[in-house]
Amino acid sequence: FAPSPTGSLHVGGARTALFNYLFARHNGGAFILRIEDTDRARFVEGSVKDHTEGLKWLGLDWDEGPDIGGDFAPYFQSQRLSLYHAAAAKLVARGNAYYCYCSPERLDSMRKDQMARKLPTGYDRACRSLTRDDCARHEAAGVKPVVRFKVPDEGRTGFTDAIYGDIVFENRSIDDFVMLKSDGFPTYHLANVVDDHAMQISHVIRAEEWLSSTPRHLLMYQAFGFEPPLYAHVPDVLGSDRRKLSKRHGDVALAMYREKGYLPETMFNFLSLLGWSLDDKTDLMTRSQVIDAFSLDRVSRTGGIFNVEKLDWMNGVYIRGLSLDDFTSRALPFLEQTLEPKPDPDYLKRVMPLVQERAKKLTEVPVLARFFFVEALDYDPKLLVAKNMTVESTLHALEVSARRLMSIPAFDEPSLESLLRPLAEELGLKAGQLFSVLRTAVTGEVATPPLFQTMVVLGQDRCLKRIGEAINNLRQTA
RNA sequence: GCCCCCAUCGUCUAGUGGCCUAGGACAUCGGCCUUUCAAGCCGGCAACAUGGAUUCGAAUUCCAUUGGGGGCACCA
-3 FAPSPTGSLH
7 VGGARTALFN
17 YLFARHNGGA
27 FILRIEDTDR
37 ARFVEGSVKD
47 HTEGLKWLGL
57 DWDEGPDIGG
67 DFAPYFQSQR
77 LSLYHAAAAK
87 LVARGNAYYC
97 YCSPERLDSM
107 RKDQMARKLP
117 TGYDRACRSL
127 TRDDCARHEA
137 AGVKPVVRFK
147 VPDEGRTGFT
157 DAIYGDIVFE
167 NRSIDDFVML
177 KSDGFPTYHL
187 ANVVDDHAMQ
197 ISHVIRAEEW
207 LSSTPRHLLM
217 YQAFGFEPPL
227 YAHVPDVLGS
237 DRRKLSKRHG
247 DVALAMYREK
257 GYLPETMFNF
267 LSLLGWSLDD
277 KTDLMTRSQV
287 IDAFSLDRVS
297 RTGGIFNVEK
307 LDWMNGVYIR
317 GLSLDDFTSR
327 ALPFLEQTLE
337 PKPDPDYLKR
347 VMPLVQERAK
357 KLTEVPVLAR
367 FFFVEALDYD
377 PKLLVAKNMT
387 VESTLHALEV
397 SARRLMSIPA
407 FDEPSLESLL
417 RPLAEELGLK
427 AGQLFSVLRT
437 AVTGEVATPP
447 LFQTMVVLGQ
457 DRCLKRIGEA
467 INNLRQTA
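Letter by letter, the first sequence follows residues -3 to 474 of my numbering.
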């Protein structure tokens, strides 16, 4: 996986990294991380860290990379410039590349002219025929040249992509692209080819957007006399408008999903299925199951829309599958973001089972469990009045319940059950009506975990206090 | 404009000539369960872009059309 540190790791990149990881692990190969930091203008501080942390979060551990080294270190391209310079010089010496002194302005107007005349755009190869004297004159004038690859005018270049199959390009449709920039840094094309060869890369699994520049890379391998790797281009991850997923589609940064409370195992599973499938029925898979089953020939050729609804469902499944301790420790950071002071561990342990089966994301935990932790409830007293009830009958139900609850022999589920059900009947209410009144009084919410369990966790004192407050609130509105 | 790629339910997909009156999952809509919510269970709706060709037979092969995507930088 060879990201460019120009921003944060987004889900499309994470998916590409994942496929590389899966392919390597499935085949007993090495998963290699290389930082392609050859664009000084777009370099973003912190980007490398964001990428490595994202990959680690997903559990994609690499065998060689910038932090851990490896047989072919360094893994930052910015630290390998001499390799690229030597390679470029070699191609110039062999007549496969040449210096170009064209100014950006000339290139720009050339391109505009081509567009206007509805011609294919591309470098017009003006500097191909420069003599030694021409070059010397430009150098003397202080022009820093780029090095362009001399693409053959005839013939075609093709390859067999592991996912897309046979692909062929006419060489004449490829222009003499820049290999080495005037600032001395290589372009992607040069650096990628030089390093893939130097690092003995066997398989390149990269985004579909590279498909059309693959012939350039192949042509370079030919010129160098290197054996090219096998290529597999994976289809794009799309936004809801079927365009490549980008910032305007909402959350694209992998880190955002972590912050929103998605589990790494959810993301691993979900991303695996974005463009790859095992069969016609399997969607929930563990890491090792995916590794065992993964193969490139089951990767699809069509771009897939990132379906957040399914992600949410899957995250709920994974959350429910967590042990209580695991769930608690993962939810804790999210609770502590909104809760002051930090929740008591024993109390927490009794609350968590009640929210675990209801949360689809960890960020929902503090919301779902709020009333367990705050002192004062804040809700519209009208919500206390259950269906087909009046303020009066609600008040009455609350008052009687408070009295009985005060003298209940034990504040546990069976006792509450045997007290409250008959009480409803006694009051001429349906059980659901009384429970609804008490639920709102005790939690301030209309949808909560089961009432008796909730009350037991809250405790007798707090329940009675809240029922008392409910009575006061309701009286004031009456 | 030029080059390349793609095309099955709203979404992710299964399907590589007969097993397809096209299967699964998410979403959605009913129902069951139930003190609310959630979960669970049962069921419904819902797709082979279009036109030709090949074949006894095509979602599956071929060609065109249409539509979509990507590329065409001294960015990756």
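Glycine included, C-beta positions come from ideal geometry on N, C-alpha and C.
query: Please confirm if the stretch 176 to 186 is in contact with the stretch 60 to 79, defined as three or more CB-CB distances below 8 Å between the two stretches.; result: yes
query: Could you pull out every unbroken alpha helix (DSSP H) segment of at least 4 residues lying fully inside the stretch 203 to 277, listed in chain order?; result: 210 to 220, 250 to 255, 260 to 268
query: Of all the options D321, E353, R400, A382, which has the alpha carbon lying nearest to the alpha carbon of P341?; result: D321
query: Three-state secondary structure (DSSP) at E101?; result: helix
query: Less than 8 Å between the CB atoms is what I'm expecting for F302 and V233, so what's the real figure, rounded?; result: 6 Å
query: Mind checking which residues open and close the beta strand (DSSP E) that includes G154?; result: 152 to 157
query: Can you say whether G50 is buried or exposed, counting buried as having 16 or more other CB atoms within 10 angstroms of its CB?; result: buried
query: Under 8 Å, do F39 and T12 count as touching if we go by C-beta distance?; result: no
query: Taking the straight line between their C-alpha atoms, what separation do you get for S198 and L18?; result: 15 Å
query: Going by CA-CA distance only, name the one from Y375, F173, G65, I201 that's closest to G8.; result: I201
query: Can you give the Cα-Cα distance for R124 and C96, rounded to whole angstroms?; result: 8 Å
query: Taking the alpha-carbon positions, what's the V453 to L344 distance?; result: 10 Å
query: For the stretch 279 to 298 and the stretch 257 to 265, state whether three or more C-beta atom pairs, one from each stretch, are separated by less than 8 Å.; result: yes
query: Jot down the residue ranges of each uninterrupted beta strand (DSSP E) in the stretch 13 to 39, minimum 3 residues, whole runs only, in chain order.; result: none
query: Determine contact between the stretch 148 to 156 and the stretch 97 to 107, defined as no fewer than three beta-carbon pairs at a distance below 8 Å.; result: no
query: Could you spell out the range, first to last residue, of the alpha helix (DSSP H) harbouring M402?; result: 387 to 402
query: Does the Cβ of V164 have 16 or more other Cβ atoms within 10 Å, making it buried, or fewer, making it exposed?; result: exposed
query: For E150, which residues from the same chain have a beta carbon less than 8 Å from its beta carbon, with the 5 sequence-adjacent residues on both sides left out?; result: N167, R168
query: From the DSSP output, which residues share a beta bridge with A437?; result: In DSSP, A437 forms no bridge with anything.
query: Have a look at R417 and G424 and give me their C-alpha separation to the nearest angstrom.; result: 11 Å
query: Just to confirm the assignment: which complete alpha helix (DSSP H) runs, minimum length 4, are found wholly within the stretch 165 to 202?; result: 184 to 194
query: Could you give the distance in angstroms between the alpha-carbon of E135 and the alpha-carbon of S242?; result: 42 Å
query: Just grab the DSSP bridge partners of D59 for me.; result: D59 is not bridged to any residue.
query: Report the option in P211, G91, D237 whose CA atom is closest to the CA atom of P225.; result: P211
query: Using the three-state DSSP reduction, which class does G300 fall into: helix, strand or coil?; result: strand
query: Going by DSSP, what residue range makes up the beta strand (DSSP E) through F448?; result: Element bounds for F448: not the beta strand (DSSP E) but the alpha helix (DSSP H), 447 to 454.
query: Within a Cβ cutoff of 7 Å, which residues of the same chain sit near T298, ignoring the five residues on either side of it in sequence?; result: P231
query: Given that a residue counts as buried once 16 or more other Cβ atoms are within 10 Å of its Cβ, and exposed if not, what is G24?; result: exposed
query: With distances taken Cα to Cα, identify the nearest neighbour of T439 among E421, R458, G91, A406.; result: R458
query: Rounded to whole angstroms, how far is the Cβ of L207 from the Cβ of H229, which I believe are closer than 8 Å?; result: 5 Å
query: Measure the C-alpha to C-alpha separation of Q456 and E41 and round it to an integer number of angstroms.; result: 54 Å
query: With DSSP collapsed to three states, give me the class of Y80.; result: helix
query: Taking DSSP as the reference, what is the three-state secondary structure of F161?; result: Reading off the sequence shown, one finds Gly at residue 161, where the question assumed Phe. DSSP places G161 in strand when its eight states are reduced to three.
query: From L358 to R36, what does the alpha carbon distance come to, in whole angstroms?; result: 38 Å
query: Relative to the C-alpha of V142, which residue among Y119, P116, Y94 is closest?; result: Y94
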